[in-house]
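A.B. asks: Sequence lines, in order, name chains A, B and C. Counted from 1, the first sequence has number 250 at position 250 by my numbering; the numbering is strictly sequential. Counted from 1, the second sequence has number 4 at position 4 by my numbering; the numbering is strictly sequential. Counted from 1, the third sequence has number 276 at position 276 by my numbering; the numbering is strictly sequential. Here a beta-carbon is modelled for each residue, glycine too, at the ideal position from N, C-alpha and C.
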Amino acid sequence: MSVQTVNTPPTASPIGRRASESMGKLIASLILIVAGVIALTPIVWLLAKTVQNKDDILSCLYFAPISHWTTENYQHLFVKTDFGHVLLNSIFVTDVTVITQLFFASLAGFGLAKYEFKGKKLVMGVMLATMMLPGQVTMAPLYDMLYHMHMVDRFQGLIIPSAVTVFGIFLFRQSILQVPDELLQAARIDGCSEFRIYWDIVMPISRPMIGAFCLMAFMGSWNNFLWPQILMHHDYYFTLPIALNQFNGMYSTAEGSMGILLAGTMLSVLPVMVLFVFLQKEFVAGLTAGAVKG
Amino acid sequence: MSTTLTKPSRPTEPASPGSRPTRAKSSSWFTAQHKLAPYVFVSPFVIMFSIFGIYPIIKSIMLAFYATNGPKSQVYVGFSNFNFMFHHHDFQIAVRNTIIYTLCSVFLQLPCALGLAILLNQKWLKGHSFLRLAFYSPNLMGTVYVGILFQQLFSIHYGLVNRVLASIIPGFSTDFKWLGDPANVMPALVLTSLWLYVGYNMVYFLAGLQAVDKELYEAAEVDGANPWQRFWAVTAPSIKPIATFVLVTSTIGSFQFFDLPYIMLGNGGGPNNAGLTIVMYLYQQGFITGDLGYASAVGWTLAIGVLAISLLQMKLTGSMKGND
Amino acid sequence: MNLFPYGKAAFSMFTLAVLSAGWIFVHPAPEKKATLTYWTFSKDHYDAYQKLIPDFEAQHPGVHVDLEIVNNNALAARLQAAFLSDLDVPDMTELEIGTAGTMFRGPVKDIGFIDLKPRLEQSGLYDRYVQSRFSPYTSRGGIYGLPQDVHPVQLVYNKEIFAKYGIDPDKIQTWDDFIAAGKKVTIPGKQYMIELSDSTTGSGGLETIMLQRGGSYYDPNGKCAIDSDIMVKSMEFYVPLVAGPNKIGGTTGDFYGATWSKSVEDGYIASMICPDWRTLFVQRGPTKMAGKMGIMPLPAAVPGGIRTSTWGGTMLGITKRCKTPDIAWQFAQFLYTDQARLAKNFQNTNILPPLKDAWSNPAFSAPNPYYGGAPLGAMYAKYAPSVPAQYTAPTIDTAKAKLGEALIDCVKYYNDNGDKGFDEFVRAKLKEKADDVRAFQARNPY
Numbered sequence: 001m002s003v004q005t006v007n008t009p010p011t012a013s014p015i016g017r018r019a020s021e022s023m024g025k026l027i028a029s030l031i032l033i034v035a036g037v038i039a040l041t042p043i044v045w046l047l048a049k050t051v052q053n054k055d056d057i058l059s060c061l062y063f064a065p066i067s068h069w070t071t072e073n074y075q076h077l078f079v080k081t082d083f084g085h086v087l088l089n090s091i092f093v094t095d096v097t098v099i100t101q102l103f104f105a106s107l108a109g110f111g112l113a114k115y116e117f118k119g120k121k122l123v124m125g126v127m128l129a130t131m132m133l134p135g136q137v138t139m140a141p142l143y144d145m146l147y148h149m150h151m152v153d154r155f156q157g158l159i160i161p162s163a164v165t166v167f168g169i170f171l172f173r174q175s176i177l178q179v180p181d182e183l184l185q186a187a188r189i190d191g192c193s194e195f196r197i198y199w200d201i202v203m204p205i206s207r208p209m210i211g212a213f214c215l216m217a218f219m220g221s222w223n224n225f226l227w228p229q230i231l232m233h234h235d236y237y238f239t240l241p242i243a244l245n246q247f248n249g250m251y252s253t254a255e256g257s258m259g260i261l262l263a264g265t266m267l268s269v270l271p272v273m274v275l276f277v278f279l280q281k282e283f284v285a286g287l288t289a290g291a292v293k294g
Numbered sequence: 001m002s003t004t005l006t007k008p009s010r011p012t013e014p015a016s017p018g019s020r021p022t023r024a025k026s027s028s029w030f031t032a033q034h035k036l037a038p039y040v041f042v043s044p045f046v047i048m049f050s051i052f053g054i055y056p057i058i059k060s061i062m063l064a065f066y067a068t069n070g071p072k073s074q075v076y077v078g079f080s081n082f083n084f085m086f087h088h089h090d091f092q093i094a095v096r097n098t099i100i101y102t103l104c105s106v107f108l109q110l111p112c113a114l115g116l117a118i119l120l121n122q123k124w125l126k127g128h129s130f131l132r133l134a135f136y137s138p139n140l141m142g143t144v145y146v147g148i149l150f151q152q153l154f155s156i157h158y159g160l161v162n163r164v165l166a167s168i169i170p171g172f173s174t175d176f177k178w179l180g181d182p183a184n185v186m187p188a189l190v191l192t193s194l195w196l197y198v199g200y201n202m203v204y205f206l207a208g209l210q211a212v213d214k215e216l217y218e219a220a221e222v223d224g225a226n227p228w229q230r231f232w233a234v235t236a237p238s239i240k241p242i243a244t245f246v247l248v249t250s251t252i253g254s255f256q257f258f259d260l261p262y263i264m265l266g267n268g269g270g271p272n273n274a275g276l277t278i279v280m281y282l283y284q285q286g287f288i289t290g291d292l293g294y295a296s297a298v299g300w301t302l303a304i305g306v307l308a309i310s311l312l313q314m315k316l317t318g319s320m321k322g323n324d
Numbered sequence: 001m002n003l004f005p006y007g008k009a010a011f012s013m014f015t016l017a018v019l020s021a022g023w024i025f026v027h028p029a030p031e032k033k034a035t036l037t038y039w040t041f042s043k044d045h046y047d048a049y050q051k052l053i054p055d056f057e058a059q060h061p062g063v064h065v066d067l068e069i070v071n072n073n074a075l076a077a078r079l080q081a082a083f084l085s086d087l088d089v090p091d092m093t094e095l096e097i098g099t100a101g102t103m104f105r106g107p108v109k110d111i112g113f114i115d116l117k118p119r120l121e122q123s124g125l126y127d128r129y130v131q132s133r134f135s136p137y138t139s140r141g142g143i144y145g146l147p148q149d150v151h152p153v154q155l156v157y158n159k160e161i162f163a164k165y166g167i168d169p170d171k172i173q174t175w176d177d178f179i180a181a182g183k184k185v186t187i188p189g190k191q192y193m194i195e196l197s198d199s200t201t202g203s204g205g206l207e208t209i210m211l212q213r214g215g216s217y218y219d220p221n222g223k224c225a226i227d228s229d230i231m232v233k234s235m236e237f238y239v240p241l242v243a244g245p246n247k248i249g250g251t252t253g254d255f256y257g258a259t260w261s262k263s264v265e266d267g268y269i270a271s272m273i274c275p276d277w278r279t280l281f282v283q284r285g286p287t288k289m290a291g292k293m294g295i296m297p298l299p300a301a302v303p304g305g306i307r308t309s310t311w312g313g314t315m316l317g318i319t320k321r322c323k324t325p326d327i328a329w330q331f332a333q334f335l336y337t338d339q340a341r342l343a344k345n346f347q348n349t350n351i352l353p354p355l356k357d358a359w360s361n362p363a364f365s366a367p368n369p370y371y372g373g374a375p376l377g378a379m380y381a382k383y384a385p386s387v388p389a390q391y392t393a394p395t396i397d398t399a400k401a402k403l404g405e406a407l408i409d410c411v412k413y414y415n416d417n418g419d420k421g422f423d424e425f426v427r428a429k430l431k432e433k434a435d436d437v438r439a440f441q442a443r444n445p446y
């Protein structure tokens with residue numbers, strides 16, 4: 001491989017080194033395979049269990065024979081519980097939240113990236129400071145405030161306070177900083193209004209970051225548990241995580257309920273996974289954008 | 001989208017109605033909206049942020065000195081909230097649990113994530129993106145669902161974990177209690193969150209590794225450094241910023257640990273409160289008992305603790321001033 | 001001008017948002033049309049009452065009752081949250097005995113329930129109840145809940161296993177007799193004489209045993225009594241049953257469900273503590289055991305002592321937000337004092353009503369085929385009058401939790417050290433937990 005110098009380690013013989021290299025590769029591959037299996041096993045287990053009937057679910061270790069496979073769990077899920085309604089609630093809350101966040105964060109991120117204005121440092125400084133604070137600090141007063149605004153146990157209470165994401169703003173700011181200023185200048189000379197610059201130029205360029213943000217925001221809202229748990233009381237307003245948790249507590253040991261519970265869990269994690277498959281590349285790029293630089 | 005300064009295809013006289021108003025009129029509107037634009041863009045956010053972000057923070061500082069009966073009534077109690085908190089046995093347990101969990105997280109998850117990232121980064125590896133997806137997919141499941149799933153996996157007698165372990169380890173009984181035994185609750189939680197978060201941290205490390213300058217590696221090889229020396233000389237310094245980032249965010253996240261233990265332990269702290277964390281304590285006191293003031297006090301204690309530790313970490317790793 | 005510049009992912013989310021918003025708009029939250037909203041946490045109650053409501057509505061035209069089922073784990077929290085935020089407060093609600101006390105936090109005027117004592121006395125109902133059942137729902141002289149049950153406890157046992165080891169239930173009079181028999185039956189890891197848990201969650205056992213012996217969380221004045229002498233002795237009696245070399249108690253975790261059913265059918269558990277409500281769970285779960293299960297009274301703690309205890313309980317309360325408390329009261333009476341209903345209720349749930357004069361109804365002596373034709377109701381009714389009282393305080397949930405912690409610590413100690421120093425350990429541990437509860441009680445600024 002490389003030129004041998006005085007500093008080469010004792011295993012200098014080429015055959016020895018190649019052997020230890022392939023040994024190393026073997027071990028590394030083994031580790032990766034085992035780790036991969038461990039990572040995927042629970043998910044595959046979940047999938048396998050959702051198509052098993054109530055006897056197999058308890059007795060079979062992993063897979064049941066194909067002849068036993070059944071869709072009864074999914075059927076029961078939609079027929080015996082109001083999973084469909086809760087699913088819709090989650091779809092509604094999450095999608096509205098993501099779009100709202102997207103709009104506010106990208107607009108404000110653009111404003112902070114490409115403009116100078118009075119108070120910019122103040123705004124950024126305050127936002128940065130609050131990012132360091134864990135969200136639990138504000139839970140109690142926020143609940144108190146929403147109670148007085150009559151937004152407790154309503155969708156507005158979930159959507160409106162989460163419209164502001166400092167994290168989102170910084171993400172967009174970081175990404176929009178990369179857009180060359182000449183582009184914007186050219187557009188201005190053509191008479192584009194600032195908003196049109198945002199809408200027609202900057203946003204289309206930022207689509208990868210938007211994709212990443214959409215996934216992150218979707219995940220955050222779809223899987224959010226604590227705040228909806230605090231805010232929502234009536235099960236008409238429940239989102240998937242709370243409804244499944246309640247179902248788990250109420251029925252987990254009842255006959256036939258494990259299948260329903262697992263089927264519900266499977267359906268709840270599916271949307272995020274599907275979204276991820278489509279947005280993989282953008283997501284990884286976006287996730288690490290802030291971190292690698294800073 | 002061209003980058004040239006002039007576009008020959010655009011006439012200077014208005015060719016059709018509605019394309020552009022006359023230069024003179026448009027100019028003042030144009031410059032006006034150019035000046036106003038940043039304020040218009042940023043202000044909706046600033047307004048919302050002030051209402052739902054800043055105001056609650058300020059209010060919670062105040063609330064911490066009150067005891068409330070839900071959002072309906074409050075009584076000023078001075079420092080009594082903090083006084084009770086630090087003497088309350090349950091709070092001490094919560095702090096202890098949270099610290100143990102954080103330490104396990106940091107010293108277990110991060111090395112694993114780094115190790116996996118290094119392995120995944122090898123040039124000769126095939127199936128790179130499949131493996132990356134495989135390792136990351138646990139994190140795609142929300143904490144609630146992972147909690148439900150692993151509660152089933154860790155159940156006695158019929159759970160997958162026990163059955164697999166019993167077949168591998170001689171003498172291991174399928175009656176081994178994970179979530180029912182206070183001593184085993186934390187290990188179960190640590191293992192579950194290891195499964196959940198390793199992929200997430202690995203992705204960061206991977207990105208950091210891929211950004212390392214290849215030439216540095218080659219230079220090190222030329223100098224005859226073995227892989228171990230190469231790691232410490234080249235890799236470690238290069239990924240320091242991202243490692244610091246992962247360390248700090250991991251720590252902050254671990255201190256806020258709530259969803260997993262809450263779900264896995266049946267909406268509570270588990271046997272002997274072995275799974276009680278600070279945020280769970282806050283939730284129970286504030287939203288089940290109803291004392292929002294006390295919850296604010298706990299929240300601030302958590303916040304100050306987290307801030308202190310993060311600053312300490314950043315100082316220790318010699319990171320530069322936060323430059324997001 | 002771009003119609004939507006954010007890309008495909010965002011666009012699909014936008015479309016979904018619009019569509020789902022439309023759907024939700026068309027299906028708004030159901031308006032509260034009912035005259036009475038009634039919360040229950042038990043599916044059995046829900047099913048049983050659904051069948052009874054049409055009769056009530058027929059008798060009271062214009063009245064509409066809306067039954068809602070709420071998860072037991074969440075009901076107390078939701079009710080408390082509802083009381084505190086004035087949102088979604090039901091008119092009537094059932095509440096489990098373990099959490100009822102938490103509603104009495106704060107000054108009397110803040111209690112969300114109506115004081116039912118005047119109505120009880122006026123209607124003469126007060127004397128017809130088993131008196132001890134009012135204790136968990138009483139605070140500062142007011143009675144805030146109607147007890148729905150007595151829940152006397154007996155042992156349901158596997159006749160085949162008992163016969164195999166020559167155990168005659170009639171010969172078992174005290175716990176000492178039972179433990180002797182238990183040593184014969186118990187095969188560690190495979191077969192346990194009785195289902196008892198070494199923790200207070202799941203299948204429990206400690207609370208039932210301690211109540212039988214006169215132990216309790218609080219004294220009648222609401223002072224914490226966890227470290228009383230009786231409690232110490234109860235703990236010292238209980239722990240060796242579930243820990244250490246001579247344990248005869250085992251459990252699979254929960255007191256119902258698929259895992260438990262299987263363990264009963266497999267013979268893992270030879271007997272279990274069964275209040276009246278649980279006999280139905282036994283009928284429904286381990287169905288293969290039909291005809292093979294017998295019922296016997298609890299062994300006495302001392303010769304001649306009471307042969308029952310109690311486990312669980314539900315109260316029915318009318319909230320102050322109810323606009324029609326008289327109709328609510330009538331509904332309560334309808335469900336719980338009308339003879340025909342009580343019989344029907346018993347047939348559906350196996351639960352004995354707390355009204356003493358109801359038990360003579362022939363429906364309660366009907367033979368139950370699952371238990372080999374035993375007259376289930378009459379057997380339980382025999383022990384109902386001696387069910388022990390349970391005193392409460394607003395910190396009842398803390399007290400229960402602390403007792404649970406104490407049990408776990410005592411079990412661990414006993415496993416490690418056996419009898420050596422056990423008495424001192426138990427005393428110290430219970431005092432420590434009781435002091436925790438007292439500190440909590442002292443904190444209440446209201």
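Where does C:A368 sit, in a helix, a strand or coil, going by DSSP?
C.D. replies: Correcting the residue type first, residue 368 of chain C is Asn in the shown sequence and not Ala. Strand.
A.B. asks: Shortest alpha-carbon distance to B:F107 belongs to which of B:F86, B:M62, B:S193 and B:A183?
C.D. replies: With distances taken between Cα atoms, B:F107 lies closest to B:S193.
A.B. asks: Just the C-alpha distance for A:G191 and B:F30, rounded to the nearest angstrom, thanks.
C.D. replies: 8 Å
A.B. asks: Please tell me whether B:A308 and B:M202 are closer than 8 Å, where the distance is taken between their beta carbons.
C.D. replies: no
A.B. asks: Nearest CA to the CA of B:P38: which residue from A:V98, A:G111 and A:Y237?
C.D. replies: A:G111
A.B. asks: Under the assumption that C:I97 contacts C:Q390 (Cβ atoms under 8 Å), give the Cβ distance between them as a whole number of angstroms.
C.D. replies: Yes, C:I97 and C:Q390 are in contact; Cβ-Cβ is about 7 Å, under 8 Å.
A.B. asks: Is there a C-beta anywhere in chain C that falls below 8 Å from the one on B:P21?
C.D. replies: Reliability of the predicted coordinates at B:P21 is poor, the pLDDT of 47 falling under 50, and no value is obtained from them.
A.B. asks: Distance cutoff 8 Å, beta carbons only. Does B:G180 sit that close to anything in chain C?
C.D. replies: Taking Cβ atoms only, chain C reaches closer than 8 Å to B:G180, which makes this a yes.
A.B. asks: What are the residues in the region 225-246 of chain A lying within 7 Å of chain C by C-beta distance?
C.D. replies: H233, H234, Y236 and Q246
A.B. asks: I need the boundaries of the beta strand (DSSP E) containing C:Y157, first residue and last residue.
C.D. replies: V153 to N158
A.B. asks: Between the C-alpha atoms of C:P152 and B:A67, what's the straight-line distance to the nearest angstrom?
C.D. replies: 41 Å
A.B. asks: With a 10 Å radius around its C-beta and 16 neighbouring C-beta atoms as the bar for buried, classify B:Y76 as buried or exposed.
C.D. replies: exposed
A.B. asks: Can you look up C:F425 in the DSSP assignment and give me helix, strand or coil?
C.D. replies: helix
A.B. asks: On the three-state DSSP scale, how would you describe B:K25?
C.D. replies: With a pLDDT of 46 at B:K25, under the threshold of 50, the predicted position of this residue should be treated as unreliable, though the coordinate-derived value follows. In the displayed model, B:K25 falls within a helix according to three-state DSSP.
A.B. asks: Can you confirm whether B:H128, when its beta carbon is compared against all beta carbons of chain A, has any partner nearer than 8 Å?
C.D. replies: no
A.B. asks: Just to confirm, are A:L46 and B:L260 a CB contact at a threshold of 8 Å?
C.D. replies: no
A.B. asks: Does the Cβ-Cβ distance between C:Q457 and C:P297 come in under 8 Å?
C.D. replies: Residue 457 of chain C lies beyond the range of chain C shown here (1 to 446); nothing can be said about it.
A.B. asks: Where does C:P147 fall in DSSP's three states?
C.D. replies: strand
A.B. asks: Check C:W311 in the structure and name its three-state DSSP category.
C.D. replies: coil
A.B. asks: Going by the CB atoms, is the gap between C:Q148 and C:Y336 shorter than 8 Å?
C.D. replies: yes
A.B. asks: Starting from C:I65, follow its DSSP beta bridges and name the residues at the other end.
C.D. replies: Contrary to the premise, residue 65 of chain C reads as Val rather than Ile in this sequence. C:L36.
A.B. asks: Could you name each continuous beta strand (DSSP E) segment of 3 residues or more that falls completely within the region 213-289 of chain C, going from the start of the chain to the end?
C.D. replies: 271-275
A.B. asks: If we require 4 or more residues per run, which alpha helix (DSSP H) segments fall completely within the region 63-137 of chain B?
C.D. replies: 80-87, 89-104 and 110-120
A.B. asks: Just the chain A side, please: which residues come within less than 9 Å of C:I24 by C-beta, in chain order?
C.D. replies: L88, N89, F92 and F155
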